[in-house]
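In short: position in the sequence shown from 1, add 1179, done, that's the numbering used here. Just so you know, even glycine gets a beta-carbon here, dropped at the ideal spot from N, CA and C. All of these numbers come straight from a predicted model, not from anything done at the bench. Each remark here refers to the structure printed beneath this line.
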Amino acid sequence: MDTCDICLGTYNWFNSLNEKLIIWLCLECNKVLLCYGTYTNLELLEHYGFLLNENPNDKVYIPLEPDIYSSSSWPKDSLYIHQNGKPSFALLSALRLCATPPNQRRSVGHLAYSGSQLSTENEVFVMEWIAKKCHFILENLPTTVEEDSLLLLTIDKMHDLHNPIKFEDMPSASRQEVCTFLEANGLQGGGCGAELLLSRKILRSMDRWKLAVQWRLSFKKILVDCIYYCTEIIHSISSQNVST
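Quick look at the structure:
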């Protein structure tokens, strides 16, 4: 966040959940700058009703087996994937240690906790494990990245009564979701492509729906980026082994 040279003051404001927001009043740029802390997009959406396209505090937690938690002392909330797709320091450390035979963990524990790779085989195993876990999550979600992206375009078109929607060109999952929204808001008549008369209430519902789709799309993109990151690390290690 950019700051100004001339600042009228800094104020602390507490919401109903007793969470502090820092407010800067800046004279030079005639703006009010709000600091919401280190909220993820899901937390911003739940508490304030918006999300950020690029939120460095966003993260994705992937399901981990109990032995991964027990093999290290990292807190559970530190084991996640960053918004840019990179596994957190703690997650890599925990997985490297868990992938080590139990009788060897004590001797390499200090290396794992310092963020060092334990071996090329260990690192490849960890990256493959993370990539497979992300693949599994994506494959078991009701919609794909492509379907959510198309659905967002469809929601934007639904705001424009003069822009017809070709439901027959939509994937079945997206088409069903659109029809469900229309039915829930009493907009379906003579098929999903009926003319939409959008009241303010319906427009608000549509905006909330769009935010939900945007969040789940960003969730999927983090997993996709993580798969790409892990694959690149594996290729890099493999090429180094070939060159040596």
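Nearest to residue i by alpha carbon, out of the options?
i, options, result
"lysine 1336", "Lys1389, Lys1311 and Thr1359", "Lys1389"
"serine 1252", "Leu1221, Met1306, Ala1269 and Asn1236", "Ala1269"
"asparagine 1234", "Pro1242, Ile1241, Asn1420 and Leu1224", "Leu1224"
"valine 1305", "Ile1381, Asn1420 and Cys1409", "Cys1409"
"proline 1280", "Lys1265, Thr1333 and Ser1298", "Ser1298"
"aspartate 1404", "Asn1236, Ile1413, Ile1260 and Glu1222", "Ile1260"
"asparagine 1263", "Lys1255, Asn1232, Tyr1215 and Asn1282", "Asn1232"
"leucine 1329", "Arg1285, Glu1356, Leu1243 and Tyr1218", "Glu1356"
"lysine 1150", "Ile1309, Phe1360 and Lys1380", "No statement about residue 1150 is possible, as the shown extent of the chain runs from 1180 to 1423 and does not include it."
"valine 1392", "Arg1379, Lys1380, Gly1365 and Pro1321", "Pro1321"
"threonine 1333", "Asn1282, Gln1283, Met1385 and Lys1311", "Met1385"
"glutamate 1307", "Ala1278, Arg1284 and His1338", "Ala1278"
"asparagine 1420", "Glu1300, Leu1243 and Tyr1218", "Glu1300"
"tryptophan 1394", "Glu1222, Tyr1215, Gly1216 and Thr1217", "Glu1222"
"arginine 1387", "Leu1243, Gln1283, Tyr1218 and Tyr1227", "Tyr1227"
"serine 1379", "Thr1359, Ala1363, Gly1216 and His1338", "Position check: residue 1379 holds arginine in this sequence, whereas serine was assumed. Selected option, being the one with the closest Cα: His1338."
"leucine 1123", "Tyr1215, Gln1283 and Glu1244", "Outside the displayed span of the chain (1180 to 1423) sits residue 1123, for which this structure offers no information."
Roughly how far, in whole angstroms, is the beta-carbon of residue i from the beta-carbon of residue j, given that I think they are within contact range, below 8 Å?
i, j, result
"leucine 1274", "isoleucine 1247", "7 Å"
"leucine 1258", "serine 1267", "7 Å"
"leucine 1276", "glycine 1294", "With a Cβ gap of about 12 Å, leucine 1276 and glycine 1294 do not count as contacting."
"valine 1324", "lysine 1238", "Wrong, their Cβ atoms sit about 18 Å apart, outside the cutoff."
"isoleucine 1416", "cysteine 1313", "Their Cβ separation, rounded to whole angstroms, is 18 Å, which puts isoleucine 1416 and cysteine 1313 out of contact at 8 Å."
"leucine 1317", "leucine 1402", "5 Å"
"valine 1303", "isoleucine 1413", "6 Å"
"asparagine 1220", "serine 1418", "In fact, because the Cβ distance is near 35 Å, the residues do not count as touching under 8 Å."
Name, in chain order, the residues that DSSP records as bridge partners for residue i.
i, result
"histidine 1261", "Lys1238"
So for residue i, helix, strand or coil by DSSP?
i, result
"cysteine 1371", "At cysteine 1371 the pLDDT is 48, less than 50, meaning the model places this residue with poor confidence and gives no usable figure here."
"proline 1266", "strand"
"phenylalanine 1360", "helix"
"leucine 1331", "helix"
"serine 1415", "helix"
"proline 1280", "coil"
"glutamine 1355", "helix"
"leucine 1382", "helix"
"proline 1321", "coil"
"phenylalanine 1315", "helix"
"asparagine 1232", "coil"
"tryptophan 1253", "coil"
"threonine 1410", "helix"
"tyrosine 1292", "helix"
"serine 1298", "coil"
"histidine 1226", "helix"
"leucine 1221", "helix"
"leucine 1243", "coil"
"tyrosine 1215", "coil"
"glutamine 1393", "helix"
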